[in-house]
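Visitor: In the order they appear, the protein sequences are chains A and B. FYI, our numbering numbers position 135 of the first sequence as 116, with every residue one higher than the one before it. Adding 1 to a residue's 1-based position in the second sequence gives its number in our numbering.
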Amino acid sequence: MPILTWPVSEESALVHEQFDDIGQQREAAKLGMWIFLATEVLFFGGLFLSYTVYRFAYGHVFVEASRKLDVVIGGANTAVLLISSLLMAFAVRASKLDQRRMLTGLLLGTALLGCVFMSLKGVEYHKDYVDHLVPRMGFKWEGADPGNAELFYWIYFAMTGLHAIHVTVGIGILLVLALLAWRKTFSNGNHNTVEIAGLYWHFVDIVWCFLFPLLYLVGHR
Amino acid sequence: MKTATEIDIQTEGEMPREHYLNVKTGVKAWLLTTDHKRIGILYLWTILVFFLIASVAAAMMRIELLTPQGDFVTNETYNKLFTIHGVLMVWFFLIPSIPAVLGNFVIPMMIGARDVAFPKLNLLSWYIFVAGGALTLWAIIHGGVDTGWTFYTPYSTTYANSHVITMAAGVFVAGFSSIITGLNFMTTIHKMRAPGLTWFRLPLFIWSMYATSVILVLATPVLAITLAVMCVERIWGVGIFDPKLGGDPILFQHMFWFYSHPAVYIMILPGMGVVSELITCFSRKRIFGYGFVAAASMAIAVLGFLVWGHHMFVSSQSVYAGMVFSILSFLVAIPSAIKVFNWTATLHKGSIHFTTPMLYALGFIGLFTIGGMTGLFLATLAVDVHVHDSYFVIAHFHYIMVGGMVMAFMGGLHYWWPKITGRLYPEFAGKLAAMITFAGFNLTFFPQFILGYLGMPRRYHAYPPEFQMFNVLSTAGASILGIGYLLPLIYFLWSLKCGRVAGPNPWRATGLEWQTPSPPPKHNFEEKTPVVTEKPYSYSAEEDADLNLASI
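#1: Assess contact between the segment 252 to 264 of chain B and the segment 386 to 397 of chain B, defined as three or more Cβ pairs (one per stretch) separated by less than 8 Å. Is contact present?
#2: Under 6 Å Cβ to Cβ from E234 of chain B, same chain only, skipping five residues before and after it: list those, please.
#3: For L158 of chain A and chain B, any beta-carbon pair shorter than 9 Å?
#4: Would you decide whether K245 of chain B is buried or exposed? Buried here means 16 or more other CB atoms lie within 10 Å of its CB.
#5: Please say whether L12 of chain A and A92 of chain A have beta carbons closer to each other than 9 Å?
#6: For P419 of chain B, collect the residues of the same chain with a Cβ closer than 7 Å to its Cβ; drop the 5 residues on either side in sequence, then sort them by chain order.
#7: If S539 of chain B sits next to T511 of chain B, beta carbons under 8 Å apart, how far is it from one beta carbon to the other, in whole angstroms?
#8: To the nearest angstrom, report how far apart L414 of chain B and T174 of chain A are at their CA atoms.
#9: Distance, Cα to Cα, V185 of chain A vs T59 of chain A?
#10: Looking at the structure shown, is S391 of chain B part of a helix, part of a strand, or coil, going by DSSP?
#11: Which word fits G104 of chain B, buried or exposed, when buried means at least 16 other C-beta atoms lie within 10 angstroms of its C-beta?
#12: Can you pull the chain A residues whose beta carbon is under 7 Å from the beta carbon of P226 of chain B, in chain order?
#13: How far does the alpha helix (DSSP H) with N472 of chain B in it extend, from its first residue to its last?
#14: What separation, rounded to the nearest whole angstrom, lies between the Cα atoms of E428 of chain B and L360 of chain B?
#15: Determine the direct distance from the alpha carbon of P222 of chain B to that of E21 of chain A, and round the result to whole angstroms.
#16: Please confirm whether M256 of chain B has its beta-carbon closer than 9 Å to some beta-carbon of chain A.
#17: Strictly below 9 Å CB to CB, what residues from chain B border V34 of chain A?
#18: Could you check what DSSP says for P458 of chain B in three-state terms: helix, strand or coil?
#19: Pop quiz: Q449 of chain B and A396 of chain B are said to be a contact at Cβ under 8 Å. What is the actual Cβ separation, rounded to whole angstroms?
#20: Helix, strand or coil, according to DSSP, for R424 of chain B in the structure here?
#21: To the nearest angstrom, report how far apart H1 of chain B and T141 of chain A are at their CA atoms.
#22: Quick one: give me the first and last residue of the alpha helix (DSSP H) that G373 of chain B is part of.
#23: How would you label M402 of chain B, buried or exposed, when you count the other beta carbons within 10 angstroms and need 16 or more for buried?
#24: Measuring only between beta-carbons, confirm whether D79 of chain A sits less than 9 Å from chain B.
#25: My guess is that L68 of chain A and F167 of chain A are in contact by the Cβ rule of under 8 Å, so how many angstroms apart are they, rounded?
#26: Pull up the distance between the alpha-carbon of V28 of chain B and that of P489 of chain B, whole angstroms please.
#27: How many Å lie between D1 of chain A and R36 of chain A at the Cα?
#28: Do the CB positions of G183 of chain B and V215 of chain B come within less than 9 Å of each other?
#29: Would you say the segment 40 to 47 of chain B touches the segment 459 to 469 of chain B, given that touching needs at least three Cβ pairs under 8 Å?
#30: Would you say I3 of chain A faces chain B, with C-beta separation under 9 Å as the test?
#31: Taking contact to mean 3 or more Cβ pairs, one atom from each stretch, closer than 8 Å, check whether the segment 25 to 44 of chain A and the segment 130 to 144 of chain A are in contact.
#32: Find the residues of chain A that neighbour W208 of chain B, judging by a C-beta separation of less than 9 Å, and give them in chain order.
#33: In the DSSP output, which residue or residues are listed as bridge partners for V502 of chain B?
#34: Considering Cα atoms alone, identify which of B:F526, B:A430, B:P522 and B:E528 is closest to I491 of chain B.
#35: Given a cut-off of 9 Å on the beta-carbon distance, is the pair A58 of chain B and L89 of chain B in contact?
#36: Using the Cα positions of G456 of chain B and E467 of chain B, report the straight-line distance between them to the nearest angstrom.
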């Protein structure tokens, strides 16, 4: 991706050598991202399967263990990510309408909400540590079947941890895009990169929408 | 399609002045190339290195098995040898063999594109592959791993006293190169076909590579997460695979085979694609039942995701699950048989040319049929209980992997060698090597069917003396097979300098990749992208009656 610092007059200058025209290039890039997201779904799928198997086997312990998670922070984080996705959707629109300042602001806003999510997650992890809920690091369980409860928290940390890695990568991408947007890279029809990054960000959001009920809400009626 | 004279844009007997190999030379130009053809060649050299290392491991195992006593290597070393052989052959040779080498080289040309959709990602995939390979080699050099290529828990997580984490990390990393390659091919095939090249005008190699890519993209991430969880379990011992802590080691097998059974089809579908190309070209006939062969590829890719449990018939899996997996496994035989029948029907009344690639293709059909049929024995619940984990299984999957995929890879490499290098390999030596390979292969692996049926288990370095005769036969076969693989290495290298200049289309084959000079220019087609107006494989046995391809 060449970093252009001045507006280019023709779309054809944006077309990479292997493509015939900008339409083909855009479609290929979008399809590529969708295929990548399919890969990601199956990557998370292994952990979702583990969760399903052990929740089926140790349902009551999972319910007990789930009650100890902080549903308020988890709920707030869900709201934060959903709003960030809304900003991202506006950002894609702004890039298509060539609104540079708006685009930069929205991308920064999305990244900022991502950072808020990560901060809240950090606070929550710390709280879990203080409450002795981290497997293998001073884990203590008063109720029955401590081994199975530890398994729940292991899955909780694995899933939210893997999700957090994806959020972090997303924040990095958004910050780079914000900088590029400020430098007018996405002017004059070169908005595809923003749209593709948007797909990724929405995916990260959707994964959380599954994690939240599975991990936080099974114990709350 | 154009007529023969119009195709000959390049004068016979002369190399084109400028082509992808000489447009930019030097190590840096190669290491930073985004040309799909050069990346294919980078992959070719890399997998050759892994093939040689894995072959040495196999040779050492065969030497050990010459005698019933464990006298050449210790049992521990033997465990490490079959792990090296399995891990390198599966992930660092077979999976990238046809897709990353031949697929990379010919897919864009076959569909009339200048390159793949994401050339930089394509190069990145090679670097990731090399990094994964380096990690794996590091694990081998620093003492090896003794779990076998399957990394079964709880052995790998709790008991194995070896570099499990490093080697699993190597496989994990290499997996992302598979994913990128699959993603690239799918996007390329969807979005970059030449005008007029509709889905049902695509060469069958493209269909099979598309099916392979679907598996690469959807199955590989499951292996990645499985190996990652396995490593975490080994480091922290949290119990996800440990029954002591409430976990389940069988869960690992489910997740592992959910990848690894589809991976078997990653290792055969590309071979089927190559064979479809070879059979039609050297029978000078349209393929019989084009639509069925194409659909069979997709059917195999889809069914492949539903049969993983047939690896676990004796793992304490529920007997009803076993029955369902057994039936679903039988279903895979249908599309596979469709392919075999259609290839043989294509041969019928064709004008058959016994060139080197054709010999490999015919060998493929026979060996794949044996491998596939014995697969049905193994999919049968009751029989599997008897032959599970025995040499019968080893023989079965080597008939598919080596008799099928490696034969097809060699056939394809010979077929496209003139396109890759612009020069012909010596035909007589080629035929000789093909026949030596076929004979050596059968001598190596057929006795193993008998050994397995008689009850010799896999993965042991010593065995009862009554099994010796079959083991000696097998080792003898392996040394012949070794010669069969060494010969092409020698004459391919020789042909780079001394081979006859091939011209654009030495096989008088149809397909867009033959409508450009050999070696092709950097962007594949010199001026405009070609336009396709016909179905594929417009061969005519009558027109080509006096053509003598085998004598070139």
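We put the beta carbon where it would ideally sit given N, CA and C, even for glycine.
Guide: Quick answer:
#1: Contact between the segment 252 to 264 of chain B and the segment 386 to 397 of chain B is absent, because fewer than three Cβ pairs lie under 8 Å.
#2: In the second sequence, counting from the first residue as 1, residue 234 of chain B sits at position 233. For E234 of chain B, the CB contacts under 6 Å within the same chain, skipping 5 residues up- and downstream, are T158, I241 and F242 in chain order.
#3: Counting from 1 along the first sequence, the entry for residue 158 of chain A is found at position 177. No - not a single Cβ of chain B is within 9 Å of the one on L158 of chain A.
#4: For the purposes of this step, residue 245 of chain B is taken as the residue at position 244 of the second sequence. K245 of chain B comes out exposed.
#5: Position 111 of the first sequence holds residue 92 of chain A. Position 31 of the first sequence holds residue 12 of chain A. Contact: no.
#6: Reading the second sequence from its first residue, position 418 is the one you call residue 419 of chain B. Within the same chain, P419 of chain B has close Cβ partners L425, A503, P507 and S519.
#7: The sequence position of residue 539 of chain B within the second sequence is 538, counting from 1. The sequence position of residue 511 of chain B within the second sequence is 510, counting from 1. So it is a contact: roughly 5 Å between Cβ atoms.
#8: Your numbering for residue 414 of chain B matches position 413 in the second sequence. Your numbering for residue 174 of chain A matches position 193 in the first sequence. C-alpha separation (whole angstroms): 38 Å.
#9: Against the first sequence, residue 185 of chain A aligns to sequence position 204. Against the first sequence, residue 59 of chain A aligns to sequence position 78. The straight-line gap from Cα to Cα measures roughly 11 Å.
#10: For the purposes of this step, residue 391 of chain B is taken as the residue at position 390 of the second sequence. Residue state, collapsed to three classes: strand.
#11: Locating residue 104 of chain B in the second sequence gives position 103, where the first residue counts as 1. So G104 of chain B counts as buried.
#12: Here residue 226 of chain B refers to the residue found at position 225 when the second sequence is read from its first residue. The question names Pro, yet the displayed sequence has Ile at residue 226 of chain B. Result: F24, G27 and L28.
#13: Within the second sequence, numbered from 1, the residue matching residue 472 of chain B stands at position 471. From DSSP, the alpha helix (DSSP H) with N472 of chain B extends over Q469 to C499.
#14: Counting from one through the second sequence, the residue named residue 428 of chain B turns up at place 427. Counting from one through the second sequence, the residue named residue 360 of chain B turns up at place 359. Inter-residue distance for E428 of chain B and L360 of chain B is about 11 Å (C-alpha atoms, whole angstroms).
#15: Taking the first residue of the first sequence as position 1, residue 21 of chain A is located at position 40. Taking the first residue of the second sequence as position 1, residue 222 of chain B is located at position 221. If you take the alpha carbons of E21 of chain A and P222 of chain B, they lie about 7 Å apart.
#16: For this step, residue 256 of chain B is matched to residue 255 along the second sequence. At least one CB of chain A lies nearer than 9 Å to the CB of M256 of chain B.
#17: Locating residue 34 of chain A in the first sequence gives position 53, where the first residue counts as 1. Within chain B, the residues near V34 of chain A are D249, L252 and H255.
#18: One-based indexing of the second sequence puts residue 458 of chain B at position 457. Look at P458 of chain B here: in three-state DSSP terms it is strand.
#19: Within the second sequence, the letter at position 448 stands for residue 449 of chain B. Within the second sequence, the letter at position 395 stands for residue 396 of chain B. With a contact defined as Cβ atoms closer than 8 Å, Q449 of chain B and A396 of chain B qualify at about 4 Å.
#20: As a first step, residue 424 of chain B must be located in the second sequence, where it is residue number 423. In this structure, R424 of chain B counts as strand in the three-state DSSP scheme.
#21: With chain B covering 2 to 553 only, the question about residue 1 of chain B has no answer from this structure.
#22: Along the second sequence, read from residue 1 onward, the residue named residue 373 of chain B stands at position 372. T357 to A380 is the span of the alpha helix (DSSP H), which, as asked, contains G373 of chain B.
#23: Here residue 402 of chain B refers to the residue found at position 401 when the second sequence is read from its first residue. Around the beta carbon of M402 of chain B, 16 or more other beta carbons sit within 10 angstroms, so the residue counts as buried.
#24: Along the first sequence, read from residue 1 onward, the residue named residue 79 of chain A stands at position 98. Chain B, which has no Cβ nearer than 9 Å to the Cβ of D79 of chain A, makes this no.
#25: Taking the first residue of the first sequence as position 1, residue 68 of chain A is located at position 87. Taking the first residue of the first sequence as position 1, residue 167 of chain A is located at position 186. Going by Cβ atoms, the distance from L68 of chain A to F167 of chain A rounds to 16 Å, so no, they are not a contact pair.
#26: Along the second sequence, one-based indexing puts residue 28 of chain B at 27. Along the second sequence, one-based indexing puts residue 489 of chain B at 488. For V28 of chain B and P489 of chain B, the distance between alpha carbons rounds to 25 Å.
#27: Your numbering for residue 1 of chain A matches position 20 in the first sequence. Your numbering for residue 36 of chain A matches position 55 in the first sequence. Cα to Cα, D1 of chain A sits roughly 51 Å from R36 of chain A.
#28: In the second sequence, residue 183 of chain B corresponds to position 182, counting from 1. In the second sequence, residue 215 of chain B corresponds to position 214, counting from 1. In this structure, V215 of chain B lies closer than 9 Å to G183 of chain B by Cβ.
#29: Segments in contact, no.
#30: Translated into positions along the first sequence, residue 3 of chain A becomes position 22. No, no contact with chain B.
#31: In this structure the segment 25 to 44 of chain A touches the segment 130 to 144 of chain A; the number of beta carbon pairs closer than 8 Å is three or more.
#32: Residue numbering aside, residue 208 of chain B sits at position 207 when the second sequence is read from its first letter. Neighbours of W208 of chain B in chain A, taken as residues whose beta carbon is under 9 Å from its own, are absent, since the nearest beta carbon is some 17 Å off.
#33: The residue given as residue 502 of chain B occupies position 501 in the second sequence. For V502 of chain B, which the question treats as bridged, DSSP gives the partners B:R424.
#34: One-based indexing of the second sequence puts residue 491 of chain B at position 490. It is B:A430.
#35: Taking the first residue of the second sequence as position 1, residue 58 of chain B is located at position 57. Taking the first residue of the second sequence as position 1, residue 89 of chain B is located at position 88. Taking C-beta atoms as the reference points, A58 of chain B and L89 of chain B count as a pair closer than 9 Å.
#36: Walking along the second sequence from the start, residue 456 of chain B turns up at place 455. Walking along the second sequence from the start, residue 467 of chain B turns up at place 466. Spanning the two alpha carbons is a distance of roughly 11 Å.
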